[in-house]
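First the structure, in the form of structure tokens, and then the observations on it.
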Amino acid sequence: MNILGKKLRELREGKGLLLRQIAADLEVDTALMSKLERGERRAQREHIKQLASILKVQEEELVILWLADKIKDVVRDEPLGLEALKLVEQDIKEK
127 MNILGKKLRE LREGKGLLLR QIAADLEVDT ALMSKLERGE RRAQREHIKQ LASILKVQEE
187 ELVILWLADK IKDVVRDEPL GLEALKLVEQ DIKEK
């Protein structure tokens, strides 16, 4: 399970919503929503805003988790991934 998927499941279950209810609001099938929660598929950027609205959370919270998963997917298996992340962080702070 990825970071965003875990949070989506936690929020959905906390509000007593079913997967099929969220899927219907997003206009996707229930299987896709299940895969998003389990981390088998990545949510599309445009779904993040909708999910935030449906789950009544700040969009920024979900965007941060979505970005974290994307970054993790890129550097996870790289031996120097953490060093690269530190360099990117430093570069971003300097601008």
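Taking my numbering, I'd label the letters of the sequence shown as residues 127 to 221.
Don't be surprised by glycine CBs; every beta carbon is placed ideally from N, CA and C.
None of the values given here were measured: they were computed from a predicted structure.
- Query: In terms of residues, what are the limits of the alpha helix (DSSP H) holding Asp195?
  - Reply: Per DSSP, Asp195 belongs to the alpha helix (DSSP H) from Glu185 to Val201.
- Message: Could you check whether Ala194 and Ile129 sit closer than 8 angstroms to each other, using their CB atoms as the reference points?
- Response: It is a contact, given that the beta carbons lie within the stated cut-off.
- Considering only residues of the same chain and omitting the five flanking positions on each side of Thr156, which have a CB-CB separation below 6 angstroms? Within the same chain, Leu145, Arg146 and Ala149 come within 6 angstroms of Thr156 by CB-CB distance, once the 5 residues on both sides are set aside.
- Item | Among Leu177, Lys161, Glu220 and Gly165, nearest to Leu137 - alpha-carbon criterion | Of the listed residues, the one whose Cα sits closest to Leu137 is Leu177.
- Under the three-state DSSP convention, the category Val154 falls into: Under the three-state reduction of DSSP output, Val154 falls in the coil class, being neither helix nor strand.
- Residue of Ile197, Asp217, Leu188 and Glu215 minimising C-alpha distance to Arg171: Ranking the options by Cα distance to Arg171, first place goes to Leu188.
- Query: Using the C-alpha atoms, what's the distance from Lys161 back to Pro205?
  - Reply: Going from the Cα of Pro205 to the Cα of Lys161 covers about 28 angstroms.
- Task: Look at Arg135 and Glu163 and say whether their C-beta atoms are less than 8 angstroms apart.
- Result: Yes. Within cutoff.
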